[in-house]
Amino acid sequence: MENKDKISRRDFLARIAKAGISAAAVCSTAKLLYESDVQKMFSATPPLTGFRDYSVPAVAGKTISIVSGADRTQTVRKAVELLGGIDRFVKPGETVLLKPNIGFARPARIGATSHPDIIAEITKLCYEQAKARKIYITDNPINDPASCFELSGIAAAAAKSGAEIILPRTNLFRSVSLKGAKLIQNWPVLYEPLAKVDKVIGIAAVKDHARSGASMTMKNWYGLLGGARNNFHQDINTIIVELTMLVKPSFVILDGTETMVSNGPTGGSASDLKRTDTMIAGCDQIAVDAFGATLLDLTPASLPYLQRAEQLNLGTTDYQSLKPVYAKIEGAI
Amino acid sequence: MKITTARRISQIFFFTLFIWLCVVTTLGAKFTQLSGWLVNIFLHLDPLAALATVFSTHRLYAPLVWSVLIIVLTIVIGRFFCGFICPFGALHQFISYLAHKNKTTKQLVELHKYRKGQNIKYYILIAFLVIAALPGLQNIQTGLLDPIPLFTRTVNILLLPIIDNPVNVLSATDRLYKTAPLVLSVFLIFILLNFVLPRFFCQFICPLGALFGILNRTSIWRINRNSKCTDCKLCNKNCQGSCQPSETVKLSECLLCFNCLDDCKFDAIDFNTASSNAVQSEPDLSRRGVLAAAFTGLLAMPAFKLIASPNSDGIIRPPGALNEKEFAKRCIKCGQCMRLCPTNVIQPSGIENGLTNLWTPTMNNRTGSSGCQLDCVACGYICPTAAIRPMTLAEKLGKGNFADKGPVKIGTACFDRAKCLPWAFNIPCIVCQENCPVSPKAIYTRLVYANVIDATIKVKSINRDTIYLDDGTLSPNRFATGDYYCLITSGLQNIRRKIVSNSSDAITISGENIIDAVRPGSVQIQIELQQPYVDPQKCIGCGICQHECPVSGSGAVIVTALGQTREK
Numbered sequence: 003m004e005n006k007d008k009i010s011r012r013d014f015l016a017r018i019a020k021a022g023i024s025a026a027a028v029c030s031t032a033k034l035l036y037e038s039d040v041q042k043m044f045s046a047t048p049p050l051t052g053f054r055d056y057s058v059p060a061v062a063g064k065t066i067s068i069v070s071g072a073d074r075t076q077t078v079r080k081a082v083e084l085l086g087g088i089d090r091f092v093k094p095g096e097t098v099l100l101k102p103n104i105g106f107a108r109p110a111r112i113g114a115t116s117h118p119d120i121i122a123e124i125t126k127l128c129y130e131q132a133k134a135r136k137i138y139i140t141d142n143p144i145n146d147p148a149s150c151f152e153l154s155g156i157a158a159a160a161a162k163s164g165a166e167i168i169l170p171r172t173n174l175f176r177s178v179s180l181k182g183a184k185l186i187q188n189w190p191v192l193y194e195p196l197a198k199v200d201k202v203i204g205i206a207a208v209k210d211h212a213r214s215g216a217s218m219t220m221k222n223w224y225g226l227l228g229g230a231r232n233n234f235h236q237d238i239n240t241i242i243v244e245l246t247m248l249v250k251p252s253f254v255i256l257d258g259t260e261t262m263v264s265n266g267p268t269g270g271s272a273s274d275l276k277r278t279d280t281m282i283a284g285c286d287q288i289a290v291d292a293f294g295a296t297l298l299d300l301t302p303a304s305l306p307y308l309q310r311a312e313q314l315n316l317g318t319t320d321y322q323s324l325k326p327v328y329a330k331i332e333g334a335i
Numbered sequence: 208m209k210i211t212t213a214r215r216i217s218q219i220f221f222f223t224l225f226i227w228l229c230v231v232t233t234l235g236a237k238f239t240q241l242s243g244w245l246v247n248i249f250l251h252l253d254p255l256a257a258l259a260t261v262f263s264t265h266r267l268y269a270p271l272v273w274s275v276l277i278i279v280l281t282i283v284i285g286r287f288f289c290g291f292i293c294p295f296g297a298l299h300q301f302i303s304y305l306a307h308k309n310k311t312t313k314q315l316v317e318l319h320k321y322r323k324g325q326n327i328k329y330y331i332l333i334a335f336l337v338i339a340a341l342p343g344l345q346n347i348q349t350g351l352l353d354p355i356p357l358f359t360r361t362v363n364i365l366l367l368p369i370i371d372n373p374v375n376v377l378s379a380t381d382r383l384y385k386t387a388p389l390v391l392s393v394f395l396i397f398i399l400l401n402f403v404l405p406r407f408f409c410q411f412i413c414p415l416g417a418l419f420g421i422l423n424r425t426s427i428w429r430i431n432r433n434s435k436c437t438d439c440k441l442c443n444k445n446c447q448g449s450c451q452p453s454e455t456v457k458l459s460e461c462l463l464c465f466n467c468l469d470d471c472k473f474d475a476i477d478f479n480t481a482s483s484n485a486v487q488s489e490p491d492l493s494r495r496g497v498l499a500a501a502f503t504g505l506l507a508m509p510a511f512k513l514i515a516s517p518n519s520d521g522i523i524r525p526p527g528a529l530n531e532k533e534f535a536k537r538c539i540k541c542g543q544c545m546r547l548c549p550t551n552v553i554q555p556s557g558i559e560n561g562l563t564n565l566w567t568p569t570m571n572n573r574t575g576s577s578g579c580q581l582d583c584v585a586c587g588y589i590c591p592t593a594a595i596r597p598m599t600l601a602e603k604l605g606k607g608n609f610a611d612k613g614p615v616k617i618g619t620a621c622f623d624r625a626k627c628l629p630w631a632f633n634i635p636c637i638v639c640q641e642n643c644p645v646s647p648k649a650i651y652t653r654l655v656y657a658n659v660i661d662a663t664i665k666v667k668s669i670n671r672d673t674i675y676l677d678d679g680t681l682s683p684n685r686f687a688t689g690d691y692y693c694l695i696t697s698g699l700q701n702i703r704r705k706i707v708s709n710s711s712d713a714i715t716i717s718g719e720n721i722i723d724a725v726r727p728g729s730v731q732i733q734i735e736l737q738q739p740y741v742d743p744q745k746c747i748g749c750g751i752c753q754h755e756c757p758v759s760g761s762g763a764v765i766v767t768a769l770g771q772t773r774e775k
């Protein structure tokens, strides 16, 4: 009986060992995690500082091209050709991200979104002429992303031409603090799709925009922002300038085939669109947008974000100084 | 193959099918999306959904005709739906199996004996049907407990988001449903009740089961005992409906699980055309109980009217929702519209809109991606009972044949000027105007120049486009955002010039040589504001303005039910 109540020496030692190890584990974990400085409790991991530079070496006289014509497929092909061809920008085996403006779940004819013909043609050029390995398309739209890609016709264009759509899934955003920026600090940015490619091409249409004056290629990068990005509207010119600092694309395409002259950037009726039959491609976003402004009967001087971007040497609003290459595609569609 | 094995295969098949159909209720043309799957088939096979809407509307909505198949089969062969098809029943059976698998035979026999309380489900059914049928009330509440809408809702707004939100496979953005916790508690309670008694929900609560229990009294084949019985009671051991096959079988409770056939060691259980004396074909209902249930339903009418008026009373519903009176006759709270809505704007109501509206679809523009998407009519096509009626895009937008009717109006946006940034705080914004999808826009702006409160500035001198200040206290580039102006008074003339940049003691303005004549004095800094207004004639109440408004809380532009088409 007595022996039953008493613990054996072996059991006792084993128990001490187990208790000792557990207690030591707790203590050492506490030591490891101990933080005496309350400020350090809140300092987040340093966020990313932006994207790498996707631009290619400048070639004099091939910085901006302006092609007039009604058929987007033809004009965009010509515009890229005049910049030196797609192979100037995209090397064989490279991956390319197209960033169109697909903000709204509306059909292409409304003109609120980048036209699928442009997507199809650029994808084709990248694959066939530049021998690119893979083309991706992404945007963080305002409406439901899947609906936007579908209704705008861009999903169909992508499927047909072999480009892959990257929906702006929550886990593709990273916190970015852009150097020298006031607004893009610790802000969620659609980071992963850009981080994984070699080249980035921005594609936008010329649209009226009551707050900023005009929505073109610089404003198009708004679609890379996540979070409560509507807060940036209170300082719209600053955010557009910062977006231009954030993304240094390989080149941009500005579609002025039909310019949205009223009710932008959503539009909605045929009367909001005016035929201007112009396609612009360029390596200098500011110059491209400065020309685009003229399609809306605006002067570059009237758009503060253009002026401020120029002051920061992000580009020039004097597109004429870049000696644009002009061409004309005859015939209607 | 044993019939119980066939039953299990059938249950697994229909459960999997049910979950799959919930998964593919995602807008899109891929195989894993809507693309043509009969995603409403379980709801349309549901006789209670059909019967309740027939009671309230006196019509059988076309796709609900599928339920006739189940009704006829139940009349002929009994409650096979409960035993072989019902996905919610299958889930309960599986949980019950886990909960009680270590019990002894004696305990199991005790667990599965018939209990008088199983009547409750009939009284629930009667109360629901009275509520549905009563003139003046005609309100469908069956969806609260009808297992098919209940489970559909649970999967749609609770289980799928829980699984999908961390990985974003079904939806690129997280799906949020504000009353999901209540759905969770109901679901958990019914799941946990299986630990008290097996298939508790099916035996005590399920109004659909009760309906089957009333319908199966003339079923041609029944479970019954023959003379080989040794009265060992083993047949009760796994009886899913607790219909006590060891005694006179209570036919109304028999779920056709066929476990008794399996468990009987003496071949004493038959499934045959037994005489009506061998079984009890009517449920154990007392006249008093039935009257009490009917009376409860009757009293529900004045009770509900205390807390929910029969008109819309400010509830904002998806486009195509019928007027509130007709809507209440049809909505079974299944959550299909909330699941399919691409923007997640359709939200299950809480009790803030009245008890009767719990889990019915309302619009919460502050959730989801962007209010009601203009070119979308998905909710009307998914609604299994046409509480939200199908409508073409042309009708929604008021185009083509509907041009003279104008667009369907969900409500009207109203500005809260005490919160709106340009109105209340002199901060430029108009995200609402930008996103207004109507053309011409229903939100328009008027330009005003507001004096910046601490910025009347003494001028030292003016040279071309630069104004030099008396003291150097400005923070550099404070006024360089492109929204600030200098108001320079020159004689009787006011000249307003945009500020390009400023240093601590100088302001650069746009344009040159325009103020040569101005003598030094003071200038007023102003901010250019576009103050937004709603044009109620054009506003369709889509709510994207409210969604995009940067003011936290409910936003400074709020969609109200004002002018909604459905009440016209």
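Taken in order, these protein sequences are the chains called Y and Z.
Quick note on this note's numbering: the first sequence kicks off at 3 and runs consecutively.
Quick note on this note's numbering: the second sequence kicks off at 208 and runs consecutively.
By construction, the Cβ of each residue, glycine as well, lies at the ideal position given by its N, Cα and C atoms.
Residue i versus residue j - alpha carbon distance
i, j, result
"Z:LEU298", "Z:VAL362", "12 angstroms"
"Z:ALA306", "Z:LEU365", "23 angstroms"
"Y:ARG111", "Y:ILE120", "13 angstroms"
"Z:PHE262", "Z:ASP623", "43 angstroms"
"Y:GLY229", "Y:ALA216", "23 angstroms"
"Y:GLU194", "Z:ALA713", "43 angstroms"
"Y:ALA134", "Y:MET262", "33 angstroms"
"Z:ALA213", "Y:PHE44", "59 angstroms"
"Z:GLY613", "Z:ALA601", "10 angstroms"
"Z:SER434", "Z:TYR384", "57 angstroms"
"Z:ILE219", "Z:CYS450", "23 angstroms"
Reduced DSSP category for residue i - H, G, I as helix; E, B as strand; rest coil
i, result
"Z:THR349", "helix"
"Z:HIS265", "coil"
"Y:SER30", "helix"
"Z:TYR588", "helix"
"Y:ALA272", "helix"
"Y:ASP210", "strand"
"Z:GLY324", "helix"
"Z:GLU735", "strand"
"Z:GLN580", "coil"
"Z:ARG495", "helix"
"Z:GLU179", "Coverage of chain Z is limited to positions 208 through 775, which leaves residue 179 of chain Z absent and any answer about it impossible."
"Y:MET3", "Reliability of the predicted coordinates at Y:MET3 is poor, the pLDDT of 49 falling under 50, and no value is obtained from them."
Beta-bridge partners of residue i, as assigned by DSSP
i, result
"Z:SER668", "Z:TYR675"
"Z:PRO452", "None, per the DSSP bridge assignment."
"Y:PRO102", "Y:ILE205"
Close Cβ partners of residue i (< 6 angstroms) along its chain, the five nearest in sequence each way excluded
i, result
"Z:THR663", "SER729, GLN731"
"Z:VAL374", "none"
"Z:ILE734", "ASN633, ALA657, VAL659, ASP690, TYR691"
"Z:ILE277", "LEU252, PRO254, PHE288"
"Z:THR503", "ALA334"
Close-in-space but distant-in-sequence residues of the same chain around residue i (CB under 8 angstroms, 5 per side omitted)
i, result
"Z:LEU547", "THR232, THR233, LEU234, LEU241, ALA585, CYS586, ILE589"
"Y:LYS181", "THR51, GLY52"
"Z:ILE637", "PRO629, ILE650, THR652, GLN737, PRO739"
Spatial neighbours of residue i in its chain, beta-carbon cut-off 7 angstroms, leaving aside the 5 residues before and after
i, result
"Z:PHE397", "PHE408"
"Z:GLN753", "ASN572, ARG573, GLY578, ALA620, GLY762, VAL764, ILE765, VAL766"
"Z:PHE358", "PRO294, PHE295"
"Z:CYS471", "LEU441, CYS442"
Would the region 125-142 of chain Y count as touching the region 554-570 of chain Z if we require 3 or more Cβ pairs under 8 angstroms? no
Any contact between the region 199-214 of chain Y and the region 91-99 of chain Y? By contact I mean 3 or more CB pairs, one from each, below 8 angstroms. yes
State whether the region 206-222 of chain Y contacts the region 146-162 of chain Y, with contact taken as three or more CB pairs (one from each stretch) at a distance under 8 angstroms. Flag = no, the region 206-222 of chain Y and the region 146-162 of chain Y do not touch.
Can you confirm whether the region 293-308 of chain Y touches the region 673-683 of chain Z when touching is taken to mean that 3 or more C-beta pairs between the two stretches lie within less than 8 angstroms? no
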